[in-house]
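Q: Okay, handing you the structure first.
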Amino acid sequence: MNISDAGKRSGLPPKTIRFYEEIGLITPTRQANGYRDFSEEDLHKLAFLRRARALGFTTEECRQLMGLYTDKSRASADVKSLATAHLARIDAQLAELQEMRRTLAHLVSACAGDARPDCPILSDLARE
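Pasting the structure below:
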């Protein structure tokens, strides 16, 4: 199947599919005319990559996950280790977002929001 059909079936835009091919995450065969020819296995890999990216794994982590997925002698501990490290990064990002929200909520509540020029939000942003 061509890249347009592969995109529709995998839920990925052709540009993303071309990128994944360029960096070696997938390797569709080529027809005599040079067009890509995606197999069912390629579609499965594309769906795998779409799901991994939706969970926030980096491109390099996707490469590692794909390698582990295709390695039938893999240890699930290797997969768990990669996912655990990613989960720790997500938890750190959530903590940072919660702190940002607390700070911004405090500043919003401190701002009168009236016609006066004084604004604690701008004062806080301007401090060094």
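Here the sequence shown is numbered in full-length UniProt numbering, starting from 1 and rising by one per residue. Note that CB positions come from ideal geometry on N, CA and C, so glycine has one too. Note that the coordinates shown come from a computational prediction; the quantities given were computed from them, not determined experimentally.
1. For T27, collect the residues of the same chain with a Cβ closer than 6 Å to its Cβ; drop the 5 residues on either side in sequence, then sort them by chain order.
2. Buried or exposed for G11, please, with buried defined as at least 16 other CB atoms from any protein chain shown within 10 angstroms of its CB.
3. If contact is defined by three or more beta carbon pairs under 8 Å, each pair taking one atom from either stretch, is the stretch 109-124 in contact with the stretch 73-83?
4. Helix, strand or coil for D37, going by three-state DSSP, please let me know.
5. Cα-Cα, which of M100, K15, P120 is closest to S109?
6. Helix, strand or coil: which one does DSSP assign to R30?
A: So, to answer that:
1. Position 27 of the sequence shown, counting from 1, holds the residue named residue 27. Closer than 6 Å at the Cβ level, and outside the excluded window around T27, lies no residue.
2. Indexing the sequence shown from 1 puts residue 11 at position 11. Under this definition G11 is an exposed residue.
3. no
4. As a first step, residue 37 is located in the sequence shown; it is residue number 37 there, counting from the start. Three-state DSSP puts D37 in a strand.
5. Within the sequence shown, residue 109 is the residue found at index 109, counting from 1. For S109, the nearest C-alpha among the options comes from P120.
6. The count along the sequence shown starts at 1 and reaches residue 30 at position 30. Reduced to three states, the DSSP call for R30 is strand.
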